[in-house]
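Participant: I have a structure here, written as structure tokens, and I will follow up with some questions on it.
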Amino acid sequence: MKIYNTLSRKKEEFVPIEDGKVSMYVCGPTVYNLIHIGNARPMIVFDVVRRYFEYKGYEVRYVSNFTDVDDKIIAKAKEEGITAGEVASRYIDECKKDMEGLGVSPATVHPKATEEIGGMIDMISTLIEKGHAYKAQDGTVYFKTRSFDDYGKLSHKNIEDLEGGHRDINVTGEQKEDPLDFVLWKPKKEGEPYWESPWCDGRPGWHIECSVMSKAYLGDSIDIHAGGEDLIFPHHENEIAQSEAANGVPFANYWMHNAFLNIDHKKMSKSLGNFFTVRDISERFDLSVLRFFMLSAHYRSPLNFSDELMESAKNGLERIQTCADKCRFVLNNSSEKPLADEEKKLLGEAESFVKKFELAMEDDFNTADAIAAIFELVRFINQNISEASSECVKGYLDILEKLCKVMGIDISEKTEILDKEIEELINLRQQARQSKDFKRADEIRDELLAKGIALKDTREGVQWTRI
Numbered sequence: 026m027k028i029y030n031t032l033s034r035k036k037e038e039f040v041p042i043e044d045g046k047v048s049m050y051v052c053g054p055t056v057y058n059l060i061h062i063g064n065a066r067p068m069i070v071f072d073v074v075r076r077y078f079e080y081k082g083y084e085v086r087y088v089s090n091f092t093d094v095d096d097k098i099i100a101k102a103k104e105e106g107i108t109a110g111e112v113a114s115r116y117i118d119e120c121k122k123d124m125e126g127l128g129v130s131p132a133t134v135h136p137k138a139t140e141e142i143g144g145m146i147d148m149i150s151t152l153i154e155k156g157h158a159y160k161a162q163d164g165t166v167y168f169k170t171r172s173f174d175d176y177g178k179l180s181h182k183n184i185e186d187l188e189g190g191h192r193d194i195n196v197t198g199e200q201k202e203d204p205l206d207f208v209l210w211k212p213k214k215e216g217e218p219y220w221e222s223p224w225c226d227g228r229p230g231w232h233i234e235c236s237v238m239s240k241a242y243l244g245d246s247i248d249i250h251a252g253g254e255d256l257i258f259p260h261h262e263n264e265i266a267q268s269e270a271a272n273g274v275p276f277a278n279y280w281m282h283n284a285f286l287n288i289d290h291k292k293m294s295k296s297l298g299n300f301f302t303v304r305d306i307s308e309r310f311d312l313s314v315l316r317f318f319m320l321s322a323h324y325r326s327p328l329n330f331s332d333e334l335m336e337s338a339k340n341g342l343e344r345i346q347t348c349a350d351k352c353r354f355v356l357n358n359s360s361e362k363p364l365a366d367e368e369k370k371l372l373g374e375a376e377s378f379v380k381k382f383e384l385a386m387e388d389d390f391n392t393a394d395a396i397a398a399i400f401e402l403v404r405f406i407n408q409n410i411s412e413a414s415s416e417c418v419k420g421y422l423d424i425l426e427k428l429c430k431v432m433g434i435d436i437s438e439k440t441e442i443l444d445k446e447i448e449e450l451i452n453l454r455q456q457a458r459q460s461k462d463f464k465r466a467d468e469i470r471d472e473l474l475a476k477g478i479a480l481k482d483t484r485e486g487v488q489w490t491r492i
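Position 457 of the sequence shown, counting from 1, maps to 482 under the numbering used here, and the rest follow consecutively.
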């Protein structure tokens, strides 16, 4: 299995720290509002990475945090006249609802920054003791960037090019020894949440939070650290500097980053009026469609969002769901027959699509090619299902369900009960067809269509779908 490592800028064979186990840390959202569809991409992408590792038999410990103390959270609290904790708690709950709608499995642990303050104070103390951090007069603690020789190894930035207070890294403050130093701990401001520390009453800087939460739940060294490409610098770069300076060992062996999501070929922004939350999209599309859309491109490729592309994703997803429904319909309406030799051969051919799927996923989790393999399987099933025995159809469905589960694509049976009136109309139409009263049968079909029920006559019987 090969993973593109941002650290080395090349694909590398995945070798876990501990055989049969994978430790993953994925940076989660800052919870001051509903998550937007840009937040959703890493959630979905790395959920699939996790699912594939589990499919291959690995035991995955997956940690994804909530940043629940931040300037934006504090500003929202002041605006609403409530506490920062109340804002964070509300939007953590809302985020979990959206994640469930997107089919994202809960993390092994979802740590909150405010619950790990003690560990942050400990790591900052260690950094000071080792000469990698210092306290300024006002109680602010800064990381001494030049004390870490490998600074820039993830983003591939030369530290000399960052001199002069490069805006990507410079934090405003006159008490820093070097413009490149960044905040580990900052003094409280009036009306803000704070914690006691050896330096001052205050709160942690953003970067130290993830270093400590990763260490607390996964250890000093982990297999995979992941997030959006906007986090490479300075967030992930600073995490490496802090963690490796404090712990004395490599922080993460593989760094994975998903590319940006654009809206109609433009960067998503409130000022452009093209900013969409997951909740906004849920009013127009089922969130399973958004998930399927996100997986239609390789995670390292920029992804363009538009209504047209979402409609295309919806149609593609329905093709897969319809195939699964057809398999179940045939299973429920066919007599049991032993598996013929020719069918054994066909099931062997169906298994070849599993191999295609796995080859795609093991080449840096190429979900686009993996979905293409699923579509090939769907086409194969549709071509060979008519005369198939129930045992053969069950084999097809098992393969389809197995691959869709890895992708988090829901093709489970929808146990929707039709109204009694609708059932009676379908039965009346069947009676009309048997009596060769095709005019009446067509009238009933049109009546059902007006009620949102589309019928399809197959050799196995009549199938219905709600439209």
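Backbone N, C-alpha and C define an ideal beta-carbon position, used for all residues, glycine too.
(1) Considering only C-alpha positions, which residue in the set I436, T302, N278 is nearest to C348?
(2) In the DSSP assignment, the alpha helix (DSSP H) including E416 goes from what residue to what residue?
(3) Which class does D289 belong to by DSSP, given the choice of helix, strand or coil?
(4) Could you tell me which residues DSSP puts in a beta bridge with I28?
(5) What residues in its chain sit with their C-beta under 8 Å from that of P275, if we drop five residues either side in the sequence?
(6) Determine the burial state of Q200: buried for a count of at least 16 other Cβ atoms within 10 Å of its Cβ, exposed for fewer.
(7) Rounded to whole angstroms, what's the CA-CA distance from F330 to A102? Just pull it up for me.
(8) What ranges does the alpha helix (DSSP H) occupy inside the stretch 274-337, keeping only unbroken runs of at least 4 residues that lie completely in it?
(9) From the DSSP output, in three-state form, read off G126 for me.
(10) Taking the straight line between their C-alpha atoms, what separation do you get for N391 and V56?
(11) First and last residue of the beta strand (DSSP E) that includes P223?
(12) Can you check whether the CB of Q455 is closer than 8 Å to the CB of F354?
(13) Do the stretch 162-180 and the stretch 209-226 make contact, defined as three or more Cβ pairs closer than 8 Å?
(14) Can you name the start and end residues of the alpha helix (DSSP H) that K211 belongs to?
(15) Below 8 Å on the Cβ atoms is my guess for Y80 versus D389; work out the distance and round it to an integer in Å.
(16) So the candidates are Q459, S313, K476; which of them puts its Cα closest to the Cα of E448?
(17) Can you name the residues that DSSP bridges to Y549?
(18) Which runs of the beta strand (DSSP E) spanning at least 3 residues fall entirely within the stretch 134-194, listed in chain order?
(19) Going by beta carbon distance, what residues of the same chain come within less than 7 Å of S33, once the five residues before and after it are set aside?
(20) R171: buried (16+ other C-beta within 10 angstroms of its C-beta) or exposed?
(21) Rounded to whole angstroms, what's the CA-CA distance from T151 to M68? Just pull it up for me.
(22) What do you reckon, is the C-beta of R304 under 7 Å from a heavy atom of the ligand FAD?
(23) Leaving aside the five residues before and after L342 along the sequence, list all residues of the same chain whose C-beta is less than 8 Å from its C-beta, in chain order.
(24) Helix, strand or coil for A479? Go by DSSP, reduced to three states.
(25) Beta-carbon within less than 8 Å of Q408's beta-carbon, same chain only, minus the 5 sequence neighbours each way: which residues are those?
(26) From H290 to H282, what does the alpha carbon distance come to, in whole angstroms?
(27) What does DSSP give as the partner residue(s) for G82 in the beta ladder?
(28) Who are the Cβ neighbours of A241 in its own chain at under 8 Å, not counting the five residues just before and after it?
(29) Provide the residue span of the alpha helix (DSSP H) that contains A132, from first to last.
(30) Taking the alpha carbon of V51 as the reference point, which residue from L243, I345, P363 has its own alpha carbon closest?
(31) Is the beta carbon of K27 less than 8 Å from the beta carbon of E383?
(32) Shortest alpha-carbon distance to S180 belongs to which of V208, L371, A266, V73?
(33) Report the rounded CA-to-CA distance for L187 versus E264, giving the unit in angstroms.
(34) Tell me the DSSP secondary structure of D93 in three-state form.
(35) In whole angstroms, what separates the C-alpha of V134 from that of P54?
(36) Buried or exposed: which applies to R470, given that a residue is buried once 16 or more other Cβ atoms fall within 10 Å of its Cβ?
Facilitator: Considering the structure as presented:
(1) When only C-alpha atoms are compared, the closest one is I436.
(2) In the DSSP annotation of this structure, the continuous segment of the alpha helix (DSSP H) that includes E416 starts and ends at 415-432.
(3) In the structure shown, D289 sits in coil (DSSP, three-state: anything other than H, G, I, E or B).
(4) Under the DSSP definition of a beta bridge, I28 partners with E37.
(5) Here the set comprises S246, E269.
(6) Around the CB of Q200, fewer than 16 other CB atoms lie within 10 Å, so the residue is classed as exposed.
(7) Each residue's Cα considered, the two are about 31 Å apart.
(8) As for any alpha helix (DSSP H) of minimum length 4 sitting wholly inside the stretch 274-337, the runs are 303-307, 312-319, ordered along the chain.
(9) G126 sits in a helix when the DSSP states are folded into three classes.
(10) Going from the Cα of N391 to the Cα of V56 covers about 30 Å.
(11) Run containing P223: none; DSSP gives neither H nor E here.
(12) Q455 is positioned such that its CB atom lies no closer than 8 Å to that of F354.
(13) These segments touch.
(14) In this chain, K211 is not harboured by any alpha helix (DSSP H); it is covered by the beta strand (DSSP E) spanning 207-212.
(15) So it is not a contact: roughly 16 Å between Cβ atoms.
(16) Selected option, being the one with the closest Cα: K476.
(17) Any question about residue 549 goes unanswered here, given that the chain covers just 26 to 492.
(18) The stretch 134-194 contains these whole beta strand (DSSP E) runs: 158-160, 166-168.
(19) For S33, where only same-chain residues beyond five positions count, there are no Cβ hits under 7 Å.
(20) So R171 counts as exposed.
(21) Cα-Cα distance, rounded: 32 Å.
(22) This structure does not include the ligand FAD; it has no bound ligands of any sort.
(23) Once the five neighbours on either side are set aside, the close Cβ partners of L342 are S313, V314, F317, I434.
(24) It is a strand residue.
(25) Cβ neighbours of Q408 beyond the five flanking positions: none.
(26) Between H290 and H282, the C-alpha separation is close to 20 Å.
(27) Partner(s): none; G82 has no beta bridge.
(28) Same-chain partners within the cutoff: P136, E141, G144.
(29) Segment: none, A132 is in no alpha helix (DSSP H) and carries neither H nor E.
(30) Nearest option by C-alpha distance: L243.
(31) No. Outside cutoff.
(32) Distance from the Cα of S180 is smallest, within the candidate group V208, L371, A266, V73, for A266.
(33) Taking the straight line joining both Cα atoms gives about 17 Å.
(34) Coil at D93, not helix or strand.
(35) The alpha-carbon atoms of V134 and P54 are separated by roughly 14 Å.
(36) Classification for R470: buried.
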